[in-house]
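Visitor:
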Amino acid sequence: MTSEIPDEGKIYFERYTFKVQKSFKGIASEKAITVDTGMGFGDCGFLFNLGPSYLVYGSTQNNILSTGICTRNKMVGLYPDHIFEEVKSEILQLHSLTKKGN
Numbered sequence: 067m068t069s070e071i072p073d074e075g076k077i078y079f080e081r082y083t084f085k086v087q088k089s090f091k092g093i094a095s096e097k098a099i100t101v102d103t104g105m106g107f108g109d110c111g112f113l114f115n116l117g118p119s120y121l122v123y124g125s126t127q128n129n130i131l132s133t134g135i136c137t138r139n140k141m142v143g144l145y146p147d148h149i150f151e152e153v154k155s156e157i158l159q160l161h162s163l164t165k166k167g168n
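Encoded structure:
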């Protein structure tokens, strides 16, 4: 994952590039994608840490993929066991939905 702060019309946001390991809807797996989010501090931006893997929920508007703190984004694999089980359960549920074609 990489991060940058673009200066597009003086509207500041954080732009992250991810390699998709598994897609549940809309994005091809194994593809690099760019996701925009706010800077945090009251603008609903989700602050990703560089390095860990994430389960990212995003939406597209005007061909721009974005996410924020009101989505269900989660860091994957760096949790205590009981929280990791919740994340694992959510991923399994997403797998079952994609198999059903939803």
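At the far end of the sequence shown sits residue 168, using the working numbering, and the numbering has no gaps. The C-beta atom is built at its ideal place from N, Cα and C for all residues, glycine as well.
Quick one: measure Cβ to Cβ for valine 101 and tyrosine 82, integer angstroms, because I've assumed they're closer than 8 Å.
Guide: Translated into the one-based positions of the sequence shown, residue 101 becomes position 35. Translated into the one-based positions of the sequence shown, residue 82 becomes position 16. Yes, valine 101 and tyrosine 82 are in contact; Cβ-Cβ is about 5 Å, under 8 Å.
Visitor: Would you report the Cα separation of serine 125 and asparagine 115, rounded to the nearest angstrom?
Guide: The count along the sequence shown starts at 1 and reaches residue 125 at position 59. The count along the sequence shown starts at 1 and reaches residue 115 at position 49. Taking the straight line joining both Cα atoms gives about 20 Å.
Visitor: For the beta strand (DSSP E) containing methionine 141, list its first residue and its last residue.
Guide: Here residue 141 refers to the residue found at position 75 when the sequence shown is read from its first residue. That run of the beta strand (DSSP E) goes 140-142.
Visitor: Quick check on threonine 180: does DSSP put it in helix, strand or coil?
Guide: The requested residue 180 is not part of the displayed model; the chain covers only 67 to 168.
Visitor: Tell me the DSSP secondary structure of serine 89 in three-state form.
Guide: For the purposes of this step, residue 89 is taken as the residue at position 23 of the sequence shown. Coil.
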